[in-house]
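Only one structure is covered here, and it is reproduced in the block below.
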Amino acid sequence: MFAPANPSMNRSWREVIQDYTELTKPRIIVLLLITTAGAMWIASEGQVDGFLMFITVLGGAIAAASANAINCLYDRDIDAKMERTSWRPIPSGRIQPFNALIFAIALAAISFTLLAVYANLLAACLAMSGIATYVGVYTIWLKRSSTQNIVIGGAAGAIPPLVGWAAVTGELSWAAWVLFAIIFVWTPPHFWALALMIRDEYAKVGVPMLPVVKGAEVTAQQILLYTLLIIPVSLLLVFPCNVMGLVYAVSAVGLGVAFIYKAAQLLKEPNDRNVARSVFKYSILYLALLCVAMGIDSLPLAHISGDQVIALLQTTIATINP
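If you read the sequence shown in our numbering, its first letter stands for residue 1, the second for the next number, and so on.
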């Protein structure tokens with residue numbers, strides 16, 4: 001199973017393991033795990049069980065790895081033609097397609113088992129739905145057929161916080177779905193900024209990404225539109241959900257304003273790949289810092305709820321105008 005594609009290739013086990021690791025796109029997985037951990041922290045009000053956190057994050061990572069491996073398997077034809085992806089293990093011939101498929105199936109089975117046994121069945125089924133959405137909806141159905149591929153298919157990347165929430169509570173509350181919505185709205189600006197950077201490669205292989213079909217200016221407009229939605233959507237955790245407080249609210253507004261500013265800069269220079277790269281990098285920083293703000297706000301010493309803020313304002317006004 002772990003043999004290289006060409007038996008004549010004299011390669012060490014370390015190199016083979018590295019190839020299978022690359023097949024899972026580990027850098028993408030890290031960002032997804034941050035949202036999973038953030039959801040668990042909020043759901044448990046900062047009192048999450050360490051073992052449950054470990055198992056859920058591990059199970060989520062393995063599920064994402066399975067989805068990414070299948071994505072690499074299905075897209076091996078276009079990956080071979082794109083400079084950015086031609087080095088990947090399958091198009092470069094370092095891993096056989098059949099081996100990659102068996103590897104991906106094994107990962108999915110391990111993920112489901114871990115989550116079902118040590119978390120709960122809902123979390124396990126949600127993780128599997130993430131694989132199905134990423135592979136079936138995004139990779140197979142939309143990626144090569146629609147400019148809205150990353151919008152609809154982006155739902156797959158918004159499932160990890162649902163997995164984390166379900167692992168802690170055994171259910172999905174409105175707050176969990178708000179976390180889903182935050183990632184769903186964040187995905188288009190994040191991915192379209194990347195697409196602007198490498199639009200020539202997408203055009204070369206006939207993938208109808210928005211910058212290829214509609215152009216850079218329309219893409220920049222859409223990026224700005226979605227960034228404008230990020231602040232109100234992120235603040236739903238404060239009101240009406242009331243699971244986040246003042247620390248998170250201030251952070252969400254500040255980070256969101258900076259995101260809008262970056263998007264506005266891109267709209268002024270939609271063809272500047274360096275500006276697009278700046279938006280792409282900031283989008284990653286935005287999501288990471290927003291999750292950090294969630295974690296800090298969940299701590300008892302730092303949490304000031306929306307109701308407490310309103311009460312404080314009423315007290316202040318009453319003091320000023322007795």
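Cβ coordinates follow ideal geometry from the N, Cα and C atoms, glycine included.
Inter-residue Cα distance where the pair is residue i and residue j
i    : j    : result
A288 : V279 : 14 Å
I70  : P188 : 22 Å
K281 : I260 : 14 Å
V185 : T227 : 8 Å
L31  : V151 : 18 Å
F51  : C241 : 27 Å
L236 : W177 : 10 Å
H190 : V57  : 23 Å
A3   : M40  : Any answer about A3 is weak, because its pLDDT of 47 lies below 50 and its placement is not dependable; what the coordinates show is given next. Those two C-alpha atoms are separated by around 38 Å.
A175 : A64  : 23 Å
I102 : D49  : 33 Å
S8   : G93  : Caution is warranted here: a pLDDT of 38 is assigned to S8, below 50, making its placement in the model unreliable, and the coordinate value is therefore given only provisionally. Looking at the two C-alpha atoms, the distance is approximately 12 Å.
A249 : C291 : 12 Å
L267 : Q221 : 6 Å
A195 : F239 : 34 Å
I183 : L162 : 11 Å
T139 : R11  : 31 Å
Q47  : A119 : 16 Å
T133 : A127 : 10 Å
R76  : S298 : 43 Å
F180 : A155 : 8 Å
V275 : G60  : 32 Å
G254 : L73  : 40 Å
P232 : T219 : 21 Å
T113 : S146 : 34 Å
I80  : P26  : One detail in the question is off: residue 80 reads as Ala in this sequence, not Ile. Approximately 20 Å, taken between the alpha carbons.
W141 : A293 : 36 Å
R199 : F98  : 30 Å
M244 : L121 : 27 Å
A166 : E269 : 42 Å
S173 : G164 : 12 Å
Residue i in three-state terms, based on DSSP
i    : result
F239 : coil
W324 : This structure cannot speak to residue 324, because the chain is shown only from 1 to 322.
I38  : Checking the sequence, you will find Gly at residue 38 rather than Ile. Reduced to three states, the DSSP call for G38 is helix.
A5   : The pLDDT assigned to A5 is 49, lower than 50, so where the model puts this residue is not dependable; a value taken from the coordinates is nonetheless given after this. In the structure shown, A5 sits in coil (DSSP, three-state: anything other than H, G, I, E or B).
G206 : coil
L27  : With the sequence shown as reference, residue 27 is identified as Arg, and Leu is not the correct amino acid for it. Residue state, collapsed to three classes: helix.
P188 : helix
G50  : helix
R14  : helix
R144 : coil
K214 : coil
L172 : coil
N68  : helix
D272 : coil
L179 : helix
A80  : coil
A119 : coil
E201 : helix
G295 : helix
Q324 : For the chain, the structure presents residues 1 to 322; residue 324 sits outside this window and is missing.
E22  : helix
I159 : coil
S278 : helix
S129 : helix
For residue j and residue i, believed in contact at Cβ under 8 Å, the rounded distance
i    : j    : result
A252 : S234 : 4 Å
G256 : I230 : 5 Å
N149 : A216 : Contact flag wrong, Cβ pair sits at about 17 Å.
E201 : E83  : 6 Å
R411 : M197 : The first residue shown for the chain is 1 and the last is 322, placing residue 411 beyond what the model contains.
G153 : V137 : 5 Å
N68  : I28  : 7 Å
A123 : L115 : 5 Å
S129 : I159 : 6 Å
A264 : L225 : No, A264 and L225 are not in contact; Cβ-Cβ is about 11 Å, not under 8 Å.
S44  : I131 : Between I131 and S44 the Cβ distance is about 25 Å, and since that is not below 8 Å, they are no contact.
V247 : I296 : 6 Å
Closer than 6 Å: residue i CB and nearest the ligand GDP heavy atom
i    : result
L196 : This structure lacks the ligand GDP, and indeed carries no ligand of any kind.
Evaluate the contact criterion for the stretch 106-118 versus the stretch 29-36: three or more CB pairs, one atom per stretch, below 8 Å.
-> no
Take every Cβ of the stretch 80-90, pair it with every Cβ of the stretch 15-23, and state whether three or more of those distances are shorter than 8 Å.
-> yes
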